[in-house]
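Enquirer:
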Amino acid sequence: MNPFAERKYVIGAIYGLVGLIFIIRLFWMQVIDNSYKLSAENNSRRNVVQFPARGLILDRNGKLIVYNEAAYDLMVTPFQLKAFDTIEFCNLIGLSKTDLVLALDTAKSYSAFKSSEVVKQLSAETYARLQEKLYKYPGFYVQSRTLRKYNYNIAAHLLGYVGEVDQKIIDKNPYYKTRDYIGISGLERSYEEQLRGRKGVNIFLVDVHNRVVGSYFKGKFDTASLVGSDLTTTLDADLQKYAEYLMQKMHGSVVAIEPSTGEILAMASMPTYNPGLLVGRIRQKNFRKLLLDTLNQPLFDRAVMAKYPPGSTFKLINGMIGLQEGTLKPEYSYSCFLGYHAGGLTVGCHPHHSPLSLLGGIQNSCNAYFCNVFRNIIDNKNYESVEEAYNMWRYHVLSFGFGKKLGVDLPNELNGYIPDAGYYDRYHGKGRWKSLTIVSLSIGQGELGITPVQMANMAATIANRGYYYTPHLVKGIKGQKEIDKKYREKHFTDIDTAFYSPIIEGMSLAVKGGTATIARLPDIEVCAKTGTAQNPHGEDHSIFIAFAPRNNPKIAIAVYVENGGFGATWAGPISSLLIEKYLKDTVSRPWLEEHLLKFNKPYR
Amino acid sequence: MIRKTNIFQEIDWSVVLIFITLMLMGWFNIYAAVYDEKHKSIFDFTQRYGMQLIWIGASLLLALIIMTLDVKLFSFFSYVIYGMSIGLLILVLIIGKEVNGAKAWLAIGNFSLQPAEFAKIGTALALAKFLSQYNIKINDFQTLTPISIILIIPVALIALQPDAGSILVYTAFAFALFREGLPGIVLFFGFTLIVLLFLSLVAPQLRILIVLLVLAFSAFALITRRYKESLIGLAIYIGSVGLIWGFSLLLGSKLGYYKILAFSFFLAGFAYLIIGFFRRIPLLNTFVIFMFGAIIFTNSVDYVFHEMMEEHQQKRVNILLGLESDPLGYGYNVNQSLIAIGSGGFFGKGFLQGTQTKFNFVPEQSTDFIFCTIGEEWGFLGSIVVIGLFMYLMYRIIVISERQRSTFTRIYGYSVASIFFFHFTINIGMTIGLLPVIGIPLPFFSYGGSSLWAFTIMLFILLRLDTTRTELLK
Chain B
2 MNPFAERKYV IGAIYGLVGL IFIIRLFWMQ VIDNSYKLSA ENNSRRNVVQ FPARGLILDR
62 NGKLIVYNEA AYDLMVTPFQ LKAFDTIEFC NLIGLSKTDL VLALDTAKSY SAFKSSEVVK
122 QLSAETYARL QEKLYKYPGF YVQSRTLRKY NYNIAAHLLG YVGEVDQKII DKNPYYKTRD
182 YIGISGLERS YEEQLRGRKG VNIFLVDVHN RVVGSYFKGK FDTASLVGSD LTTTLDADLQ
242 KYAEYLMQKM HGSVVAIEPS TGEILAMASM PTYNPGLLVG RIRQKNFRKL LLDTLNQPLF
302 DRAVMAKYPP GSTFKLINGM IGLQEGTLKP EYSYSCFLGY HAGGLTVGCH PHHSPLSLLG
362 GIQNSCNAYF CNVFRNIIDN KNYESVEEAY NMWRYHVLSF GFGKKLGVDL PNELNGYIPD
422 AGYYDRYHGK GRWKSLTIVS LSIGQGELGI TPVQMANMAA TIANRGYYYT PHLVKGIKGQ
482 KEIDKKYREK HFTDIDTAFY SPIIEGMSLA VKGGTATIAR LPDIEVCAKT GTAQNPHGED
542 HSIFIAFAPR NNPKIAIAVY VENGGFGATW AGPISSLLIE KYLKDTVSRP WLEEHLLKFN
602 KPYR
Chain Y
728 MIRKTNIFQE IDWSVVLIFI TLMLMGWFNI YAAVYDEKHK SIFDFTQRYG MQLIWIGASL
788 LLALIIMTLD VKLFSFFSYV IYGMSIGLLI LVLIIGKEVN GAKAWLAIGN FSLQPAEFAK
848 IGTALALAKF LSQYNIKIND FQTLTPISII LIIPVALIAL QPDAGSILVY TAFAFALFRE
908 GLPGIVLFFG FTLIVLLFLS LVAPQLRILI VLLVLAFSAF ALITRRYKES LIGLAIYIGS
968 VGLIWGFSLL LGSKLGYYKI LAFSFFLAGF AYLIIGFFRR IPLLNTFVIF MFGAIIFTNS
1028 VDYVFHEMME EHQQKRVNIL LGLESDPLGY GYNVNQSLIA IGSGGFFGKG FLQGTQTKFN
1088 FVPEQSTDFI FCTIGEEWGF LGSIVVIGLF MYLMYRIIVI SERQRSTFTR IYGYSVASIF
1148 FFHFTINIGM TIGLLPVIGI PLPFFSYGGS SLWAFTIMLF ILLRLDTTRT ELLK
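Chain order of the listed sequences is B and Y.
Numbering-wise (my numbering), the first sequence opens with residue 2 and increments by one.
Numbering-wise (my numbering), the second sequence opens with residue 728 and increments by one.
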């Protein structure tokens, strides 16, 4: 017997061990570890995304406000790159060599096999020049995208802008992939799902040189892209444009609503910016610039975000609450000696006839009259305490849509603020405050915070004699029968319709021969109320609300001019011109326009 | 007494069956690997799969011829065949055509022949012939010298081409020698060598030296239980460290820690050898010489790697050791290969459904990386079938070798088994990322006439020898 025969086991064991190691390794690679499978998909399948064009945005008369323009992203797949003439290439695409090298390095560090962009949004001309020579530059290809383009330089805040998705969005919503566009603000964001359409994808099989060798499963998994739905807004582009024109030198806001539908006809926040600034490659730079303009805050959408005290316009609300609660009758009259004097406190007023009834009180915007009205509401003996009466008052106020978001179809609307009894309890101590303590609420001062859109909604509610539709910007979406149900529902205030009549009569008188005569139009009965809100930041805000015509109103409007002074000086003429423009389509008082354009209040 | 036997009764049919199965599987996989829509027929002779069919047909013919040859021829002409393969190896260096920087191919008309593939057969035969002489003692110097010469001549000639894969295969003969009585220590040192090689590439030399010293001293103390002598040895070593350090300070030359420690060991080592010689301490010499060898070896590896290797070779080694990851550069092949095999999953993507191999992501997919196609299209299941078949083939060859009365056949059989084993190990190990990328075919699978014919001849010589196992005594 061979003395070394036993060694066959050693040799066999070594062979067997290697076989075993291979099997374990293969089991790990093929069955347990999934990373190779993903790599394989990316390796051999090229998903060519078909980006749909975003839906158009139109005004209420079908005028095109926002449309699309083709742009071309230059993409690179680093591992297919071959040495190429960088100078010629840089000249073609208008990029410096350092930027190109940087872009390529970034792309490489992202992935060698997946494509990254080199330059975003090349123009059609550049693309045309590049396309002819692209064959010389393996690894590069062009992906077509669309960019927003604006017909009118208006309504930047409410149209909003479109940008690329960030990682947070991608993590939250699987529809979005890197480099996708999404509406970031305004209507672009509110109606993102309708406007974006649906991406399509063509799946190709590619070989190692990224050459397409066929479609994946004969296109079974390909999906066609679906163009975004067009959005018809309630805006009147001309009215919007005119509003922004009139207010070009001011800070403030205009909101005009069609009372019978709640449709927003115009909604300006001033100062504004050119919406075209926030498109494409220039967006980052311009956005930063706008953001850093802390004096003018052009990105701040005052129409739905700014909280102003309502000033004297709020007297209308107090009047109605008084009538509803029975603490006020239209014939009640109160004296005014250049103001309201009680317990060492004086609320000043301007000179006018005295005493006045309710109509006169509204017509002349008498502070003393409404101090009395308000104190009677709060000191109503039907309620056990001041708190209870106040809560009742607040309840009525909230029914006008104040103190909470109205639900406008803009993503950034704010609540506004109507303090509750608890606020005064905390501030003054429980039981330590009475009607006189908070009497400034009677004339719309104090802690009230109301947004311009809420103010315009109040005007619309009065115009409707007791109800409102949630103000909205959507009039129709292509392919959708009706707009959202919440914009087709009436919201009633808890003031009886009958009590609106004296208030409206007072507003009409204010225009015919009171504080708001500036709003008078020859053959249209306008109802209006001025407001002048004191504020800690300088000169009073000039406020004006109006609706017209008195019967069957077509437009309700609220105007704020920050630090403008008297309501009738700035906000009044703006309202009046806009009403005239909207109802008669002409402007008969060019001198008023000139007056407005001369606005010259320094904003600090 | 010589008894004639019927070849068809005695031939090991299970091996023949595996041989045919592997060849056909190889053929289908080559078809899948280079398949394209324009040439759908597997019999299209303008394509590699068509050509492979010709090679397969020729192999079967070769197998048939070998089975009809007189069995004594192989033993009788061993040295002649060896000499002829050496001749071809020399010829290829002179008139061979250069492909990818290696002069490995002899062009004969439209065909190319790779002499290195056939040289293995000649070497195996010559080795078997030499070792099967009477009264051979494998550990004798007189025996080891001719064995080394038989092995070194083809290795040196192949190194001139150069073809690293084929050189590596010659280590396979160590298994055959081991079976015939080469001390296990040689295999052990071979293994230690590989570990040291690995260590000296990934770890700083100083650290390796310290680890080696600690291991050597403690192992010596524990194995021999001569604690007193161990301590004395340690003292001698520390003394020589002090001496060398002192000298280096005196001479004003600053030797690094590594050099001080290494030189000190050589100094101390000679002292140990002298002491060991007089006091006859067992194992001391072995330990000292092992340490000398280890220090010299790690140094030479370091030198070869940094001074002699070219950058792309260094990179390949680095990738193997996981020191470098560069999916587009030198690691590209392995990366693509891993993706292809890994994406196969348990059941595979199905015949002709592989996307990685089909669209040329994997390089050399029909030759060295043919296992990718198996892994991708047939999945884990197909992979273990292939591995299983190879394991069974090698098992059968060992069984065949062991049942021989003829030493010649046994040695030849073990050589064949080990050559298969090395090709199998290196090729698949490379595709699954366990070994460096060394171009070496997978027997019976990889596209190419030379390797297929060489493996066929190699295997069928063994089968032919096996049919006469009951006839011959020698």
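Note that beta-carbon positions come from the ideal geometry of N, C-alpha and C, so glycine has one too.
Small disclaimer: the values here were computed from a predicted structure and weren't measured.
For B/T99, does the count of other Cβ atoms within 10 angstroms reach 16, so buried, or fall short, so exposed?
Expert: The residue labelled residue 99 of chain B in the question sits at position 98 within the first sequence. Exposed: under 16 other Cβ atoms inside 10 Å.
Enquirer: Spatial neighbours of B/Y384 within its chain, please: C-beta separation below 7 Å, excluding the five flanking residues on both sides.
Expert: Within the first sequence, the letter at position 383 stands for residue 384 of chain B. Contacts found: A390, M393.
Enquirer: Looking at the structure shown, is B/Y470 part of a helix, part of a strand, or coil, going by DSSP?
Expert: Along the first sequence, one-based indexing puts residue 470 of chain B at 469. Looking at B/Y470 - three-state DSSP - the assignment turns out to be strand.
Enquirer: Once you ignore the five residues that flank B/E414 on each side, which residues in its own chain have a CB closer than 8 Å to its CB?
Expert: Working through the first sequence from its first residue, we reach residue 414 of chain B at position 413. Excluding sequence neighbours, B/E414 sits near V305, M306, K406, L407, G408, T452, V454.
Enquirer: Give the single residue among B/G281, B/H252, B/D167, B/C337 whose Cα lies nearest to the Cα of B/L300.
Expert: For this step, residue 300 of chain B is matched to residue 299 along the first sequence. Nearest option by C-alpha distance: B/H252.
Enquirer: Are B/Y192 and B/L232 close, meaning C-beta to C-beta below 8 Å?
Expert: As a working note, residue 192 of chain B is residue 191 in the first sequence. As a working note, residue 232 of chain B is residue 231 in the first sequence. It is a contact, given that the beta carbons lie within the stated cut-off.
Enquirer: Using a Cβ-Cβ cut-off of less than 9 Å, list which residues of the stretch 729-759 of chain Y approach chain B; keep chain order.
Expert: Listed by position, the residues of the stretch 729-759 of chain Y near chain B (Cβ gap below 9 Å) amount to none.
Enquirer: Check each residue of the stretch 1006-1019 of chain Y: if its Cβ is closer than 8 Å to any Cβ of chain B, include it; give the result in chain order.
Expert: If the cut-off is 8 Å between Cβ atoms, the stretch 1006-1019 of chain Y has nothing near chain B.
Enquirer: The stretch 1125-1152 of chain Y: which residues have C-beta closer than 7 Å to a C-beta of chain B, in chain order?
Expert: Those would be I1125, E1129, F1148, T1152, in chain order.
Enquirer: Return the first residue and the last residue of the alpha helix (DSSP H) that B/A369 is part of.
Expert: Numbered from 1 along the first sequence, position 368 holds the residue referred to as residue 369 of chain B. Its alpha helix (DSSP H) spans residues 368-379.
Enquirer: Tell me which residue opens and which closes the alpha helix (DSSP H) that Y/S839 is part of.
Expert: For this step, residue 839 of chain Y is matched to residue 112 along the second sequence. Unbroken run through Y/S839 is the beta strand (DSSP E), 838-840; no alpha helix (DSSP H).
Enquirer: B/I505 and B/I444: beta carbons closer than 8 Å?
Expert: Sequence index remark: in the first sequence, residue 505 of chain B carries index 504 (1-based). Sequence index remark: in the first sequence, residue 444 of chain B carries index 443 (1-based). It is not a contact, given that the beta carbons lie outside the stated cut-off.
Enquirer: Identify whether B/L339 lies in helix, strand or coil by the three-state DSSP scheme.
Expert: The residue given as residue 339 of chain B occupies position 338 in the first sequence. Reduced to three states, the DSSP call for B/L339 is coil.
Enquirer: Please state whether the Cβ-Cβ distance between B/I185 and B/Y177 is less than 8 Å.
Expert: Residue 185 of chain B sits at position 184 when you count from the first residue of the first sequence. Residue 177 of chain B sits at position 176 when you count from the first residue of the first sequence. The answer is no: Cβ separation not under 8 Å.
Enquirer: By the 10 Å Cβ neighbour count, where 16 or more other Cβ atoms means buried, how is Y/R1007 classified, buried or exposed?
Expert: Sequence index remark: in the second sequence, residue 1007 of chain Y carries index 280 (1-based). Exposed, by the Cβ-count rule.
Enquirer: Using a Cβ-Cβ cutoff of less than 6 Å, which residues in the same chain neighbour B/I447 once the five nearest sequence positions on both sides are dropped?
Expert: Here residue 447 of chain B refers to the residue found at position 446 of the first sequence. According to the sequence displayed, residue 447 of chain B carries Gly and not Ile. Excluding residues within five positions, the ones whose Cβ falls inside 6 Å are S441.
Enquirer: Tell me where the beta strand (DSSP E) around B/Y391 begins and ends.
Expert: The sequence position of residue 391 of chain B within the first sequence is 390, counting from 1. No beta strand (DSSP E) holds B/Y391; the alpha helix (DSSP H) holding it covers 387-399.
Enquirer: Is the shortest distance between the beta-carbon of B/I12 and the beta-carbons of chain Y less than 8 Å?
Expert: For the purposes of this step, residue 12 of chain B is identified with residue 11 of the first sequence, where counting begins at 1. At least one chain Y Cβ lies under 8 Å of B/I12.
Enquirer: So, does the CB of Y/L1065 fall closer than 8 Å to a CB anywhere in chain B?
Expert: Start at 1 with the first residue of the second sequence, and residue 1065 of chain Y comes out as number 338. Closer than 8 Å: yes.
Enquirer: Along the alpha helix (DSSP H) that carries B/K476, what are the first and last residues, could you check?
Expert: Here the question's residue 476 of chain B lines up with position 475 in the first sequence. Per DSSP, B/K476 belongs to no alpha helix (DSSP H); it is in the beta strand (DSSP E), 475-478.
Enquirer: Using 8 Å as the threshold, is the C-beta distance between B/H542 and B/G312 below it?
Expert: Position 541 of the first sequence holds residue 542 of chain B. Position 311 of the first sequence holds residue 312 of chain B. Closer than 8 Å, so yes.
Enquirer: If you measure beta-carbon to beta-carbon, which residues of the stretch 902-927 of chain Y are closer than 7 Å to chain B?
Expert: If the cut-off is 7 Å between Cβ atoms, the stretch 902-927 of chain Y has F902, F905, R906, E907, G908 near chain B.
Enquirer: Got a sec, what are the start and stop residues for the alpha helix (DSSP H) B/H429 sits in?
Expert: As a first step, residue 429 of chain B is located in the first sequence; it is residue number 428 there, counting from the start. 422-429 is the span of the alpha helix (DSSP H), which, as asked, contains B/H429.
Enquirer: Between the Cα of B/L159 and those of B/L59, B/Y182, B/T87, B/A269, spot the shortest distance and give me the residue it belongs to.
Expert: Position 158 of the first sequence, counted from the first residue, corresponds to residue 159 of chain B. Nearest option by C-alpha distance: B/A269.
Enquirer: Have a look at Y/I745, Y/E737, Y/I734 and flag the residue whose alpha-carbon is nearest the alpha-carbon of Y/Y1122.
Expert: Working through the second sequence from its first residue, we reach residue 1122 of chain Y at position 395. The option with the nearest alpha carbon to Y/Y1122 is Y/I745.
Enquirer: Who are the Cβ neighbours of Y/H766 in its own chain at under 6 Å, not counting the five residues just before and after it?
Expert: Walking along the second sequence from the start, residue 766 of chain Y turns up at place 39. So the qualifying residues of the chain are Q774.
Enquirer: Indicate the three-state DSSP secondary structure (helix, strand or coil) for Y/G1102 in the structure shown.
Expert: Position 375 of the second sequence, counted from the first residue, corresponds to residue 1102 of chain Y. It is helical.
Enquirer: Check each candidate in B/L96, B/L317, B/A422 and name the one with the smallest Cα separation from B/N368.
Expert: Taking the first sequence and counting its residues from 1, the one referred to as residue 368 of chain B is at position 367. The shortest Cα separation from B/N368 among B/L96, B/L317, B/A422 belongs to B/L317.
Enquirer: Closer than 7 Å to a non-hydrogen atom of the ligand ZN - does that hold for the CB of B/I505?
Expert: For the ligand ZN, the structure offers nothing, since it holds no ligand at all.
Enquirer: Using a Cβ-Cβ cut-off of 6 Å (strictly less than) and excluding sequence neighbours within five positions of B/L329, which residues of its own chain qualify?
Expert: Here residue 329 of chain B is taken as the residue at index 328 of the first sequence, counted from 1. Within the same chain, B/L329 has close Cβ partners G323, V374.
Enquirer: Can you tell me the Cα-Cα spacing of B/F28 and Y/G1160, whole angstroms?
Expert: Along the first sequence, one-based indexing puts residue 28 of chain B at 27. Along the second sequence, one-based indexing puts residue 1160 of chain Y at 433. Distance between the alpha carbons of B/F28 and Y/G1160 is about 14 Å.
Enquirer: For my contact list, B/L71 and B/T147 are in at a C-beta cut-off of 8 Å; report their separation, rounded to the angstrom.
Expert: Position 70 of the first sequence holds residue 71 of chain B. Position 146 of the first sequence holds residue 147 of chain B. With the sequence shown as reference, residue 71 of chain B is identified as Ala, and Leu is not the correct amino acid for it. Right, the Cβ-Cβ distance comes to about 6 Å (below 8 Å), so this counts as a contact.
Enquirer: Check whether the Cβ atoms of B/L93 and B/R61 sit closer than 8 Å, and answer yes or no.
Expert: Numbered from its first residue, the first sequence carries residue 93 of chain B at position 92. Numbered from its first residue, the first sequence carries residue 61 of chain B at position 60. No; because the gap between Cβ atoms is not below 8 Å, this pair is not in contact.
Enquirer: Taking the alpha helix (DSSP H) that B/D172 belongs to, which residues open and close that run?
Expert: Against the first sequence, residue 172 of chain B aligns to sequence position 171. Run containing B/D172: 168-173, per the alpha helix (DSSP H) assignment.
Enquirer: Tell me whether B/T518 sits in a helix, a strand or coil according to DSSP, three-state version.
Expert: As a position in the first sequence, residue 518 of chain B is number 517, starting the count at 1. It is helical.
Enquirer: Spatial neighbours of B/K250 within its chain, please: CB distance less than 6 Å, with the 5 preceding and 5 following residues excluded, ordered by chain position.
Expert: Indexing the first sequence from 1 puts residue 250 of chain B at position 249. The residues are F600.
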